[in-house]
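Peer 1: In our numbering, the protein residues as written are 1 to 281.
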Amino acid sequence: MLASLFAMKTFQFFALCVAAASLFFGTENFAAVPGIAVQEGGWGSASVREIHALALATATEIGRHCPKTRIGTIVVHHRDDHPQTAWARTADGKIIVGIEARDRQCAQFVFQFAHEFCHVLATQANDWQRTWRGDGKPNLWLEESFAEAASLFALRTMSRSWERSAPFRNWRTYAPEFAAYAGERMRATPAVADFARWFRQNEPAMRRNGTLRASNSVVAARLLPLLEAEPRAWEAITFMNLGARDRKMPLSAFLAEWRQNCPPKLQPFIAKVAQVFGIAL
């Protein structure tokens with residue numbers, strides 16, 4: 001299946017990745033902004049060039065905060081069912097990301113691609129073969145919640161940055177659409193007055209099924225302010241899945257391992273995440 005996927009024609013802009021990042025976002029260290037290739041077909045009225053520009057811009061909004069992170073080439077293709085990042089790489093080391101959005105649904109594309117880019121950081125960065133990928137992770141729900149937060153983070157930051165400079169001049173009009181889409185998603189999040197009580201009631205179900213989206217969005221609403229206040233913490237995601245592959249590991253032990261695997265400057269952020277769930281590290 002993977003071989004046939006890459007036998008199809010792709011449109012690649014490897015040099016453009018670095019050039020565009022410097023042009024639109026400054027001259028920071030963009031180690032975690034990957035090379036991006038877009039597979040033709042399925043995008044509707046959107047061109048491959050437009051999809052590439054959207055993917056690059058979205059990855060840059062998060063990747064710019066991860067200067068020590070290395071990521072290989074991401075190949076973006078359209079799929080009709082749901083977005084997904086493949087756990088396995090291709091034989092030549094490429095990362096496969098499928099996106100459902102099509103036509104010029106830019107806000108939906110950013111939402112979906114940012115979510116998947118968070119999974120790339122969590123499972124495909126640096127010494128990626130050491131990461132726990134696949135089923136059985138009892139705390140997968142936390143990675144999924146960070147991925148939901150990544151979607152909102154990208155939309156909100158791009159709504160501001162595109163007012164000043166978008167990949168194409170006429171794309172500045174998408175800036176308010178990004179803000180509106182993020183606001184719509186946040187308003188759709190179930191209201192929780194007592195998060196501690198909610199978490200006690202819902203953690204068992206989330207440990208059984210990490211992709212309960214309503215629950216992920218509730219947790220994401222608590223994580224987003226931490227990330228917006230300290231965006232360099234995105235790099236901590238790359239250390240999330242380097243711990244023991246224990247299918248019964250409690251959240252407290254998972255967070256302690258995660259903090260230990262992070263460099264010292266990122267460890268205080270994990271303590272802040274733990275505080276969200278009433279855990280002292």
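Glycine residues also receive a C-beta, built at the ideal position from the N, C-alpha and C atoms.
Model, not experiment: these values are computed from the prediction.
CB of GLN260 to nearest heavy atom of the ligand GTP: below 7 Å?
Peer 2: Although the ligand GTP was asked about, the structure shown includes no ligands whatsoever.
Peer 1: Using CA atoms only, rank isn't needed, just tell me which of GLU235, GLU257 and MET249 is closest to ALA125.
Peer 2: Working through the sequence shown from its first residue, we reach residue 125 at position 125. Here the closest residue by C-alpha is GLU235.
Peer 1: Taking 8 Å as the cut-off, decide whether the C-beta atoms of PHE277 and PHE199 are in contact.
Peer 2: For the purposes of this step, residue 277 is taken as residue 277 along the sequence shown, with counting starting at 1. For the purposes of this step, residue 199 is taken as residue 199 along the sequence shown, with counting starting at 1. Yes, Cβ-Cβ distance for PHE277 and PHE199 is below 8 Å.
Peer 1: Considering only DSSP beta bridges, list what GLN84 is partnered with.
Peer 2: As a first step, residue 84 must be located in the sequence shown, where it is residue number 84. BP columns for GLN84 point to GLY98.
Peer 1: Hey, LEU224 and ALA233: beta-carbon distance below 8 Å or not?
Peer 2: Position 224 of the sequence shown, counting from 1, holds the residue named residue 224. Position 233 of the sequence shown, counting from 1, holds the residue named residue 233. Not in contact: LEU224 and ALA233 (Cβ atoms no closer than 8 Å).
Peer 1: Going by beta-carbon coordinates alone, are ALA37 and THR73 separated by less than 8 Å?
Peer 2: Numbered from 1 along the sequence shown, position 37 holds the residue referred to as residue 37. Numbered from 1 along the sequence shown, position 73 holds the residue referred to as residue 73. Cβ distance < 8 Å, so ALA37 and THR73 count as in contact.
Peer 1: Identify every residue that forms a DSSP beta bridge with HIS78.
Peer 2: Here residue 78 refers to the residue found at position 78 when the sequence shown is read from its first residue. Paired residue(s): ILE99.
Peer 1: Quick check on DSSP: helix, strand or coil for ILE287?
Peer 2: The structure shown has nothing for residue 287, since the chain only spans 1 to 281.
Peer 1: Can you tell me whether SER45 is buried or exposed, with buried defined as 16 or more other CB within 10 angstroms of its CB?
Peer 2: Within the sequence shown, the letter at position 45 stands for residue 45. Answer is exposed; the Cβ neighbour count stays below 16.
Peer 1: Determine the closest residue to GLY98 out of THR157, GLY134, PHE117 and LEU255, with distance taken between C-alpha atoms.
Peer 2: What you label residue 98 is simply residue 98 of the sequence shown in a count that begins at 1. Of the candidates THR157, GLY134, PHE117 and LEU255, the one whose C-alpha sits nearest the C-alpha of GLY98 is PHE117.
Peer 1: What are the start and end residues of the alpha helix (DSSP H) that includes ALA147?
Peer 2: Sequence index remark: in the sequence shown, residue 147 carries index 147 (1-based). Note, ALA147: alpha helix (DSSP H), 140–164.
Peer 1: Which one of GLY42, ALA256, ARG164 and VAL75 has the shortest CA to CA distance from ALA34?
Peer 2: Counted from its first residue, the sequence shown places residue 34 at position 34. Strictly speaking, residue 34 in this sequence is Pro, with Ala absent from that position. Here the closest residue by C-alpha is VAL75.
Peer 1: Could you tell me the distance, in whole angstroms, from the CA atom of ALA21 to the CA atom of THR69?
Peer 2: As a first step, residue 21 must be located in the sequence shown, where it is residue number 21. As a first step, residue 69 must be located in the sequence shown, where it is residue number 69. Annotation note: pLDDT 39 at ALA21 (below 50); position unreliable, coordinate value reported separately. Their backbone Cα atoms lie some 16 Å apart in a straight line.
Peer 1: Work out the CA separation of THR131 and LEU2 for me, nearest whole Å.
Peer 2: As a working note, residue 2 is residue 2 in the sequence shown. As a working note, residue 131 is residue 131 in the sequence shown. Note that LEU2 scores a pLDDT of 41, beneath 50, so its modelled location is shaky and nothing firm can be said.
Peer 1: For the putative contact between GLN112 and ALA101, defined by C-beta atoms under 8 Å, what is the C-beta separation to the nearest angstrom?
Peer 2: The sequence position of residue 112 within the sequence shown is 112, counting from 1. The sequence position of residue 101 within the sequence shown is 101, counting from 1. The pair is a contact, with the Cβ atoms about 5 Å apart (cut-off 8 Å).
Peer 1: Can you give me the C-alpha to C-alpha distance between LYS137 and ILE51, rounded to a whole angstrom?
Peer 2: Within the sequence shown, numbered from 1, the residue matching residue 137 stands at position 137. Within the sequence shown, numbered from 1, the residue matching residue 51 stands at position 51. Using only the alpha carbons, I get a separation of about 32 Å.
Peer 1: If we call anything under 8 Å between Cβ atoms a contact, is ILE270 one with LEU251?
Peer 2: Sequence index remark: in the sequence shown, residue 270 carries index 270 (1-based). Sequence index remark: in the sequence shown, residue 251 carries index 251 (1-based). Their beta carbons are not under 8 Å apart, which means ILE270 does not touch LEU251 by this criterion.
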